[in-house]
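So the protein lines, in turn, are chains A and B. Numbering of the first sequence is given in UniProt numbering, commencing with residue 1 and proceeding in unit increments. Numbering of the second sequence is given in UniProt numbering, commencing with residue 1 and proceeding in unit increments. Backbone N, C-alpha and C define an ideal beta-carbon position, used for all residues, glycine too. Since the structure is predicted, the reported quantities are computational estimates derived from the model, not experimental observations.
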Amino acid sequence: MTDKDRAKAYWKENIKYVLLLLFIWFIVSFGAGIIFKDALNTVRLGGFKLGFWFAQQGSMYVFVVLIFVYVRLMNKLDKKYGYDV
Amino acid sequence: MYSGFLAGLGVQNWTYILVGITFTIYIGISIWARAGSTKEFYVAGGGVSPLANGMATAADWMSAASFISMAGIISFAGYDGAVYLMGWTGGYVLLALLLAPYLRKFGKFTVPDFIGDRYYSNTARSVGVFCALIVSFTYVAGQMRGVGLVFSRFLEVDINTGVIIGMIIVLFYAVLGGMKGITYTQVAQYCVLIFAFMVPAIFISIQMTGNPIPQLGFGSQLADGSGTYLLDKLDGLSTDLGFAEYTEGSKSMIDVFAITLALMVGTAGLPHVIVRFFTVKRVKDARKSAGLALLLIVILYTAAPAVSVFARTNMIETVSNQPYANMPEWFTKWETTGLIVFNDKNNDGIIQYVADESKNELIVDNDIMVLANPEIAKLPDWVIALVAAGALAAALSTAAGLLLVISASVSHDLIKKMIKPDISEKGELIAARLAAVVAVCVAGYFGINPPGFVAATVALAFGLAAASFFPAIILGIFYKKMNKEGAIAGMVVGIFSMLFYMTKFKFGWFGGGTKADWWFDISPEGFGTVAMVINFVVSVVIMKFTPEPPEYVQEIVENIRIPSGAGDATH
Numbered sequence: 001m002t003d004k005d006r007a008k009a010y011w012k013e014n015i016k017y018v019l020l021l022l023f024i025w026f027i028v029s030f031g032a033g034i035i036f037k038d039a040l041n042t043v044r045l046g047g048f049k050l051g052f053w054f055a056q057q058g059s060m061y062v063f064v065v066l067i068f069v070y071v072r073l074m075n076k077l078d079k080k081y082g083y084d085v
Numbered sequence: 001m002y003s004g005f006l007a008g009l010g011v012q013n014w015t016y017i018l019v020g021i022t023f024t025i026y027i028g029i030s031i032w033a034r035a036g037s038t039k040e041f042y043v044a045g046g047g048v049s050p051l052a053n054g055m056a057t058a059a060d061w062m063s064a065a066s067f068i069s070m071a072g073i074i075s076f077a078g079y080d081g082a083v084y085l086m087g088w089t090g091g092y093v094l095l096a097l098l099l100a101p102y103l104r105k106f107g108k109f110t111v112p113d114f115i116g117d118r119y120y121s122n123t124a125r126s127v128g129v130f131c132a133l134i135v136s137f138t139y140v141a142g143q144m145r146g147v148g149l150v151f152s153r154f155l156e157v158d159i160n161t162g163v164i165i166g167m168i169i170v171l172f173y174a175v176l177g178g179m180k181g182i183t184y185t186q187v188a189q190y191c192v193l194i195f196a197f198m199v200p201a202i203f204i205s206i207q208m209t210g211n212p213i214p215q216l217g218f219g220s221q222l223a224d225g226s227g228t229y230l231l232d233k234l235d236g237l238s239t240d241l242g243f244a245e246y247t248e249g250s251k252s253m254i255d256v257f258a259i260t261l262a263l264m265v266g267t268a269g270l271p272h273v274i275v276r277f278f279t280v281k282r283v284k285d286a287r288k289s290a291g292l293a294l295l296l297i298v299i300l301y302t303a304a305p306a307v308s309v310f311a312r313t314n315m316i317e318t319v320s321n322q323p324y325a326n327m328p329e330w331f332t333k334w335e336t337t338g339l340i341v342f343n344d345k346n347n348d349g350i351i352q353y354v355a356d357e358s359k360n361e362l363i364v365d366n367d368i369m370v371l372a373n374p375e376i377a378k379l380p381d382w383v384i385a386l387v388a389a390g391a392l393a394a395a396l397s398t399a400a401g402l403l404l405v406i407s408a409s410v411s412h413d414l415i416k417k418m419i420k421p422d423i424s425e426k427g428e429l430i431a432a433r434l435a436a437v438v439a440v441c442v443a444g445y446f447g448i449n450p451p452g453f454v455a456a457t458v459a460l461a462f463g464l465a466a467a468s469f470f471p472a473i474i475l476g477i478f479y480k481k482m483n484k485e486g487a488i489a490g491m492v493v494g495i496f497s498m499l500f501y502m503t504k505f506k507f508g509w510f511g512g513g514t515k516a517d518w519w520f521d522i523s524p525e526g527f528g529t530v531a532m533v534i535n536f537v538v539s540v541v542i543m544k545f546t547p548e549p550p551e552y553v554q555e556i557v558e559n560i561r562i563p564s565g566a567g568d569a570t571h
């Protein structure tokens with residue numbers, strides 16, 4: 001594999017991760033917290049209506065997890081392609 | 001529980017002690033970490049650890065608005081307050097996945113630097129400098145005002161004296177320490193502000209629900225053994241007084257959507273946040289420190305909506321339908337600052353707090369919900385003083401970060417890159433320090449004479465960043481063929497459509513307009529989303545009709561996509 005092919009393959013995998021994680025990012029915030037809020041509010045989590053909880057709590061926890069997942073995936077990917085030096 | 005001496009100190013003395021100690025620490029750190037080179041001044045030498053950078057980013061990000069105003073705004077807005085919670089945290093996901101690693105690899109000192117080099121044009125660089133200055137100045141004026149407000153309330157000096165004290169402190173450590181001094185001071189400030197925010201939140205959560213974790217407490221049952229959930233009780237109190245249900249909100253869905261997205265994208269495009277990721281050593285450190293920063297921010301951001309619920313419930317219960325003569329001491333103290341206004345319209349001596357404007361007799365300012373909350377809940381004096389020290393840490397850390405962006409834009413992007421490229425290292429460092437001095441004075445002036453549009457311009461800062469920087473940087477990284485013509489046209493059209501909409505609906509220019517005239521039902525705060533889309537579309541369309549970028553620029557783009565070999569940040 002030439003350097004150029006290697007860079008291309010690395011970039012392609014990176015984009016795949018980014019799109020997947022951004023999809024989840026969108027679903028928890030704009031989806032659960034805004035668009036589907038009213039439907040989710042019929043479900044309760046203790047004292048919280050679920051849509052309200054996603055908007056004011058849950059989405060933020062998921063954001064943190066998403067970044068750390070990306071950090072792990074990319075550290076692995078860097079190693080796989082020898083870009084970790 | 002307290003010895004006679006400690007109990008007798010009083011709020012005021014406690015405030016002097018805590019503020020005095022924290023300020024001594026900040027100044028000590030800045031003397032120890034003063035900058036000796038431009039590289040230390042702009043990017044702290046480039047060797048900051050991911051954790052230290054995460055803490056510094058969190059302190060940099062959480063301003064007086066996050067610390068003082070946000071929980072208060074949410075407590076009046078209910079569900080709608082989620083736009084700030086999601087908007088000001090979700091941007092970090094975009095930063096970590098789409099911007100920080102590549103900008104770190106690019107290895108420059110400032111955001112206009114990236115714009116200027118990637119788009120091989122000093123016109124693009126000038127547009128970048130213009131945006132960076134506008135965004136940062138509007139932001140910093142609000143911070144200085146916050147400093148003045150806290151000083152005036154807790155140390156009982158007037159607001160202007162407070163602003164001047166704040167100016168001197170910031171001047172000292174931003175000018176001396178540069179980015180290096182600021183970074184390590186912000187690490188200390190993060191510790192102070194998070195402690196100061198969480199202690200009263202935990203106290204009140206235990207008081208009201210018996211649960212020591214505020215994030216869980218506001219979804220728990222009341223501690224009075226009634227078996228009622230706190231949020232249900234607040235929904236009930238709100239509807240009884242004619243307000244919307246707390247957990248429902250009143251904004252339209254499309255507006256909530258647009259504001260949230262504009263704040264997220266604006267966050268990811270703010271120069272003082274982006275520049276923090278230039279200070280770490282490797283690309284992987286940039287990703288990791290974005291994660292750490294968000295984790296540290298989310299501790300406060302998930303506690304804030306709990307504080308909002310506690311404060312709102314406490315306040316309604318304390319004042320609603322109670323005789324004015326029975327109000328506790330804090331009520332009259334805040335009345336003298338004008339942040340609580342009681343107007344007994346029907347002269348019955350009882351406070352009617354209701355949604356109906358014609359019958360409502362009480363106006364409570366957003367800003368006092370956090371500051372007065374410990375007093376309302378009757379917490380000990382040292383906790384009340386701690387809130388003052390925390391609010392000052394939040395305001396000062398953000399102000400210092402912004403001042404650095406301003407000074408770097410002037411000394412590096414304007415003087416070194418455009419006006420006088422042969423300036424010596426020493427000369428540039430002197431220019432950077434002078435620019436910081438001038439910036440502090442201008443910020444102080446706006447703090448003392450706040451333009452009436454300050455509140456409006458903070459929202460404008462996010463809209464501007466969303467409409468200008470974000471698309472230009474994203475396209476610069478992810479679209480190799482994007483050329484200077486497209487990027488410049490996109491930024492200019494994006495900014496001006498944002499400015500047009502804001503000035504039309506906020507200041508009544510271009511014929512003004514009311515809520516009914518909003519485009520697609522979107523408020524000026526949410527218009528950054530529309531302006532961003534306009535920027536993307538204009539950039540791509542113009543690009544199709546203009547020459548490709550030169551080969552060497554396309555190679556730069558390929559190079560920044562690969563994490564290895566990230567050298568030190570250079571000129």
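If only uninterrupted beta strand (DSSP E) runs of at least 3 residues are considered, those enclosed by the stretch 343 to 379 of chain B are 362 to 364.
As DSSP reads the structure, P328 of chain B sits in no beta bridge. Assignment of beta strand (DSSP E) within the stretch 16 to 46 of chain B, counting only whole runs of 3 or more residues, yields no such run.
Ranking B:M502, B:I477, B:K544, B:W518 by CA distance to the CA of Q554 of chain B puts B:I477 first.
Following the DSSP letters along the chain, one finds W11 of chain A inside the alpha helix (DSSP H) bounded by residues 3 to 26. Annotation for W509 of chain B: T503 place their beta carbon closer than 7 angstroms to its own, counting only its chain and skipping 5 residues before and after.
From the listed residues B:M208, B:M532, B:S238, B:L216, the smallest Cα separation to G225 of chain B is found for B:M208.
When secondary structure is reduced to three states using DSSP, L45 of chain A falls in the strand class. Using a CB distance below 7 angstroms, the part of the stretch 274 to 303 of chain B facing chain A consists of K284, R287, K288, A290, G291, L294, L295, V298, Y301, T302, ordered along the chain. The bridge partners DSSP lists for Y229 of chain B are B:Q221. Secondary structure of I35 of chain A (DSSP, three-state): helix. Closer than 7 angstroms at the C-beta level to chain A, one finds no residue of the stretch 403 to 437 of chain B.
Among the bridge pairs identified by DSSP, I430 of chain B is matched with none. Here the stretch 186 to 194 of chain B makes contact with the stretch 46 to 66 of chain B; the two share three or more CB pairs at distances below 8 angstroms. Under the 8 angstroms criterion on CB atoms, D348 of chain B is classed as non-interfacial with respect to chain A. Your pair G526 of chain B and G266 of chain B does not check out as a contact, with CB atoms roughly 11 angstroms apart and the cut at 8 angstroms. Between the stretch 170 to 182 of chain B and the stretch 152 to 162 of chain B, the count of C-beta pairs closer than 8 angstroms stays below three; the two stretches do not touch. The beta carbon of A531 of chain B sits closer than 6 angstroms to the beta carbons of A467, G494, S497, M498 from its chain, once the five residues preceding and following it are set aside; these are given in chain order. Going by C-alpha positions, N53 of chain B is about 16 angstroms away from V298 of chain B. Contact check between the stretch 107 to 120 of chain B and the stretch 413 to 432 of chain B: three or more CB pairs, one atom from each, fall below 8 angstroms, which counts as touching. Secondary structure note for A55 of chain A: it is in no alpha helix (DSSP H), with a DSSP letter that is neither H nor E.
Taken atom to atom, the span from the alpha-carbon of F342 of chain B to that of S75 of chain B is near 19 angstroms. Burial state of P305 of chain B is buried, judged by a 10 Å Cβ sphere holding 16 or more other Cβ atoms.
By the C-beta density criterion, R72 of chain A is exposed, having fewer than 16 other C-beta atoms within 10 angstroms. Taking CB atoms only, I562 of chain B has a neighbour in chain A less than 8 angstroms away.
Non-local beta-carbon contacts of L21 of chain A in its own chain, meaning distances under 8 angstroms to residues more than five positions away in sequence, involve L66, V69, Y70 in chain order. Separation of I419 of chain B and A141 of chain B (C-alpha to C-alpha, rounded to the nearest whole angstrom) is 28 angstroms. Setting aside the 5 residues that flank it on each side, K484 of chain B is surrounded in the same chain by Y119, Y120, S121, T123, A124, P549, each with a C-beta closer than 8 angstroms to its C-beta; the list follows chain order. Proximity of Y229 of chain B to chain A, defined by a Cβ-Cβ separation below 8 angstroms, is satisfied. DSSP places F496 of chain B in the uninterrupted alpha helix (DSSP H) bounded by 484 to 506. From the listed residues B:A472, B:L237, B:S523, B:G10, the smallest Cα separation to S539 of chain B is found for B:A472.
Of the other Cβ atoms in all chains shown, 16 or more fall within 10 Å of the Cβ of Y102 of chain B; this residue is therefore buried.
Taking the beta carbon of K49 of chain A as reference, the chain B residues within 8 angstroms of it are L231, T247, listed in sequence order. Contact annotation, E375 of chain B with S37 of chain B: C-beta distance approximately 47 angstroms; criterion of less than 8 angstroms not satisfied. Under the 8 angstroms criterion on CB atoms, P471 of chain B is classed as non-interfacial with respect to chain A. Beta-bridge annotation (DSSP): V341 of chain B is paired with B:I363.
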